[in-house]
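Per our numbering, the very first residue in the sequence shown carries number 752; after that it's consecutive. Yeah, the Cβ is synthetic: ideal placement off N, Cα and C, and Gly gets one too. Quantities reported herein were computed from a predicted structural model and do not represent experimental measurements. First up is the structure itself, then whatever we jot down about it.
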Amino acid sequence: MLQGNLLTHGTPGVASTPSFERVELDAHSWVDVCRGFLIGADEVMAELIEGVAWRTGRRQMYDREVDDPRLSRWWRDPDEVPHPALGAARASICAHYDRELGGVGLNYYRDGADSVAFHRDRELRDPATTLVAIVTLGSQRPFRLRPFGGGPSIDLGPASGDLLVMGGRCQTEWEHGVPKVGRSVGPRVSASWRWSPDGSHRRAQSDGYFTSRQWRAAAPGSAETGSAHPFG
Ligand SMILES: O=C(O)CCC(=O)C(=O)O
């Protein structure tokens with residue numbers, strides 16, 4: 752049974768007066784935290800888990816290929832959204848930052864054993880000023896940031912409906928990750944959108960970061976696709 756309250760359940764949509772608080776990581780990098788940004792986040796998650804044709808990313812680990820410990824799906828076209836509440840979320844974030852973010856990417860952490868290691872969003876590393884906006888749906892998990900290469904980390908612990916926006920040189924000088932926790936932790940889906948001043952967030956989604964990856968359909972019993980693209 753998913754935990755939740757009136758804000759994480761209820762008719763899905765963006766909160767009427769979202770309030771952003773900035774965490775300055777250093778002189779060039781920051782994260783905005785907007786708690787309770789998306790109302791009805793648990794409901795949106797349940798519909799996405801049920802309705803999305805999830806895929807599993809595969810990566811080379813030494814001499815063998817292994818599955819990513821999470822499921823994913825991306826939409827290159829910003830107008831194509833797997834849930835209307837995510838269209839409203841993107842529109843609100845675009846308006847707040849006055850930037851045209853790319854299409855939405857979803858990551859599905861089935862339980863606490865799914866994770867993503869510390870990394871930078873590779874396609875955005877070069878530009879000095881980028882945006883990566885992430886809305887959490889479902890279980891609260893640690894979301895850690897640390898200086899690139901190591902050092903003490905901070906945990907922003909986004910709960911269902913919370914929005915984090917990493918900006919400035921966050922994808923150059925900082926790295927972020929969602930570590931494993933106990934298996935009993937319930938599902939979490941993250942929805943993310945990216946922007947960079949040179950448009951690399953759009954190029955990367957068609958022929959950059961993801962072409963080095965193999966993807967296979969994650970639905971039980973479905974045939975492996977071998978597609979290099981995770982898009983919808
Ligand atoms: O799921 C999250 O909150 C983070 C996802 C992420 O960092 C990524 O996919 O690059």
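From the options, residue whose alpha carbon lies closest to that of residue i
i       : options                               : result
Arg-945 : Val-932, Asp-828, Arg-806 and Pro-833 : Asp-828
His-927 : Gly-802, Ala-868, Arg-861 and His-952 : Ala-868
Leu-776 : Ser-904, Val-855 and Ala-836          : Ser-904
Phe-771 : Ser-943, Arg-815, Val-916 and Ser-951 : Val-916
Tyr-779 : Arg-815, Trp-925, Arg-953 and Gly-901 : Note that residue 779 corresponds to His in the displayed sequence, not to Tyr. Nearest option by C-alpha distance: Trp-925.
Close beta carbons around residue i, own chain, < 7 angstroms, minus the five adjacent residues each side
i       : result
Gly-863 : Lys-931, Val-932, Gly-933, Arg-934, Ser-935 and Val-936
Asp-906 : Pro-893, Phe-894 and Arg-895
Val-774 : Trp-781, Val-782 and Val-784
Cys-845 : Glu-851 and Leu-852
Ala-836 : Pro-763, Gly-764, Leu-789, Gly-791 and Val-795
His-834 : Val-795, Glu-798 and Leu-799
Any non-hydrogen atom of ligand 1 within 8 angstroms of residue i CB
i       : result
Val-867 : yes
Thr-923 : no
Ile-885 : yes
Phe-894 : yes
His-952 : no
Leu-813 : In the sequence under discussion, the amino acid at residue 813 is Tyr, which differs from the Leu named in the question. Flag unset: Cβ of Tyr-813 not near ligand 1.
Ser-941 : yes
His-847 : no
His-779 : no
Gly-856 : yes
Asp-872 : yes
Val-765 : no
Pro-909 : yes
Gly-918 : no
Environment of residue i [buried if 16+ CB atoms lie within 10 Å]
i       : result
Val-817 : exposed
Arg-920 : buried
Thr-762 : exposed
Thr-768 : exposed
Gly-802 : exposed
Asp-830 : exposed
Tyr-813 : exposed
Glu-874 : buried
Asp-849 : exposed
Gly-889 : buried
Arg-815 : exposed
Residues of its chain near residue i, where Cβ-Cβ distance is below 6 angstroms and the 5 sequence neighbours each way are ignored
i       : result
Ser-866 : Pro-820, Val-929, Pro-930 and Lys-931
Leu-914 : Cys-785, Phe-788 and Val-886
Gln-922 : Arg-871, Asp-872, Leu-875, Arg-876 and Thr-881
Ser-843 : Val-765
Ser-951 : Glu-874
Whole-angstrom distance between residue j and residue i, CA atom to CA atom
i       : j       : result
Ala-797 : Arg-939 : 10 angstroms
Asp-877 : Ala-884 : 18 angstroms
Arg-809 : Asn-858 : 14 angstroms
Gly-912 : Gly-918 : 19 angstroms
Ala-839 : Val-765 : 7 angstroms
Gly-854 : Trp-826 : 5 angstroms
Ala-879 : Arg-861 : 34 angstroms
Asp-949 : Ser-941 : 25 angstroms
Gly-900 : Gln-811 : 21 angstroms
Arg-953 : Pro-898 : 26 angstroms
Ser-943 : His-847 : 15 angstroms
Ala-804 : Gly-902 : 37 angstroms
Own chain partners of residue i with C-beta closer than 8 angstroms, once the 5 adjacent residues on each side are dropped
i       : result
Gly-908 : Gln-891, Arg-892, Pro-893 and Phe-894
Ala-910 : Thr-759, Arg-786, Thr-887 and Gln-891
Val-832 : Trp-826, Gly-838, Arg-841 and Val-855
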